[in-house]
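Sequence positions in the sequence shown follow the numbering used here and run 2 to 261.
Yeah, the Cβ is synthetic: ideal placement off N, Cα and C, and Gly gets one too.
Contents: one structure, followed by commentary.
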Amino acid sequence: MRIDLNCDLGEGFGAYRIGDDAALLAIVTSANVACGLHAGDPEIMAATFAEAKARGVAVGAHPGFPDLWGFGRRRMPFSASEIERLVAYQVGAAQALAAYAGHRITYVKAHGALSSLAAAEPEVAGAVARAVRAVDPGLALLAIALSAQVAAGEAAELATYQEAFADRGYTEAGGLVPRGQAGDLITDPGKAAAQALRIVEAGGIPTSSGGLARTPIHSICIHGDLEGATLRAAAVRAGLEAAGVTLAAFGHDERPPASA
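And the structure:
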């Protein structure tokens, strides 16, 4: 068994820091780097890309809504065409700063409220996928499993990979429990590790009743901004490796099956 372990990083701004990027880069295999609108700035982006390269960690652009105050987790009334350009703008910025740092982004993963909208609304998912393809059709799309993002990425002829979350709760339908509702976050490192291992071994998304929504999973996500993120990431990695799972960045240069 083989799986990628990804984390949202570079989410500070100016003098403010969120999460322990250096510690997390020693654990994960892919880093989703904020592009300057929901978090991040040129200094943080360049430093994160450089550190990721030094550690052999793959990097992707992590575009979100332009909402520093709300950390990109508030829905904003942009049209689909405006979202398309917002994403293209951020992917371009990530490519430039990664190149400056001597690294290169290989995929895109939407952040926060933008990701939630794209998971539920095909029009928004299509806007994100079209933006990625317009900037660089060689980039992959890291999509929330069983969401509209997957179909949109495949329709745009992007290499599309599905991710599941070790530190988020799931509904009976296999969607994420909305933030702020009971069961939205898994904070205990042991429980996060157990959920990640079940996802990988069983091949699907856990449901609230204890069932499983089967689907290919290529990457497990840990949120880097949450308190205790490093402990959870370390527990997830240790649990997977103890079970014989190989941790490696998902194959950006290999197009997955259309059903993936």
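Residue i in three-state terms, based on DSSP
i, result
"Tyr171", "strand"
"Glu124", "helix"
"Ser116", "helix"
"Thr49", "helix"
"Asp5", "strand"
"Ser82", "helix"
"Glu158", "coil"
"Ile187", "coil"
"Ala261", "Because Ala261 sits at a pLDDT of 45, beneath the cut-off of 50, its placement in the model cannot be relied upon, and the point is left open."
"Ala195", "helix"
"Ala146", "coil"
"Gln163", "strand"
"Thr231", "helix"
"Ala214", "strand"
"Ala236", "helix"
Selected residue, minimal CA-CA separation from residue i, among the options
i, options, result
"Pro64", "Arg56, Arg86, Lys54 and Ser80", "Arg86"
"Ala165", "Ala203, Ala97 and Ala53", "Ala203"
"Glu124", "Gly73, Glu83, Gln91 and Ala141", "Glu83"
"Ala47", "Arg238, Met2, Gly127 and Tyr101", "Tyr101"
"Pro190", "Ala239, Arg233 and Ala24", "Arg233"
"Asp21", "Arg3, Ile45 and His39", "Ile45"
"Thr172", "Ile206, Gln196 and Ala249", "Ile206"
"Gly142", "Gly127, Leu38 and Thr161", "The residue you asked about is not Gly; residue 142 is Leu in the sequence shown. Out of Gly127, Leu38 and Thr161, Thr161 has the C-alpha closest to the C-alpha of Leu142."
"His39", "Val201, Ser116, Leu213 and Gly170", "Ser116"
Rounded straight-line distance, which links the Cα of residue j to that of residue i
i, j, result
"Leu118", "His112", "10 angstroms"
"Ala94", "Ala167", "29 angstroms"
"Arg1", "Glu228", "Residue numbering for the chain in the displayed model covers 2 to 261; residue 1 lies beyond these limits and cannot be assessed."
"Ser260", "His224", "Because the pLDDT of Ser260 is 44, which lies under 50, any placement of that residue in the model is unreliable, and the question is left without a value."
"Leu159", "Ala193", "30 angstroms"
"Ala230", "Thr247", "21 angstroms"
"Asp226", "Gly139", "29 angstroms"
"Glu122", "Ser148", "9 angstroms"
"Asp42", "Ser210", "41 angstroms"
"Ala97", "Ile221", "27 angstroms"
"Ala235", "Leu6", "11 angstroms"
"Ala135", "Ala51", "26 angstroms"
"Arg74", "Ala59", "25 angstroms"
"Gly176", "Ala81", "22 angstroms"
"Gly15", "Trp70", "13 angstroms"
"Thr49", "Ala99", "9 angstroms"
"Val237", "Ala174", "24 angstroms"
Proximal residues to residue i (C-beta, below 6 angstroms), its chain only, five neighbours per side dropped
i, result
"Val129", "Val88, Ala111 and Ala119"
"Ala1", "Residue coverage of the chain in this structure runs from 2 to 261, which leaves residue 1 outside it and unanswerable."
"Ile19", "Glu12, Gly13 and Asp226"
"Glu255", "With a pLDDT of 47 at Glu255, under the threshold of 50, the predicted position of this residue should be treated as unreliable, and no value is reported."
"Phe251", "Asp5, Tyr162, His219 and Ser220"
Nonlocal neighbours in the same chain, by C-beta distance under 8 angstroms from residue i, ignoring five residues either side
i, result
"Met77", "Phe66, Pro67, Asp68 and Ala114"
"Arg56", "Leu26 and Ala27"
"Ala239", "Ala194"
"Ala23", "Glu52"
Same chain, Cβ closer than 7 angstroms to residue i, neighbours up to 5 away in sequence not counted
i, result
"Gln163", "Ala144, Ala146, Val151, Thr216, Pro217, Ile218, His219 and Ala261"
"Ala62", "Val34, Cys36, Gln91, Val92, Ala95, Ile106 and Val109"
"Arg131", "Glu85 and Ala157"
"Lys54", "Ala102, Gly103 and His104"
"Phe79", "Leu87"
"Ala249", "Arg3, Asp5 and Thr30"
"Ala242", "According to the sequence provided, residue 242 is Glu. The question's Ala does not apply to it. So the list reads Leu248, once near-sequence residues are dropped."
"Ala214", "Leu147, Gly175, Gly205, Ile206 and Thr208"
"Tyr17", "none"
Residue i beta carbon near the ligand MG (any heavy atom closer than 7 angstroms)
i, result
"Thr172", "Within the structure as shown, the ligand MG is missing, as the structure has no ligands at all."
> How about the segment 29-43 and the segment 2-10: do they share at least three Cβ pairs that are nearer than 8 angstroms?
Replying inline: yes
> Should the segment 146-163 be called in touch with the segment 182-189, which here means at least 3 C-beta pairs below 8 angstroms?
Replying inline: no
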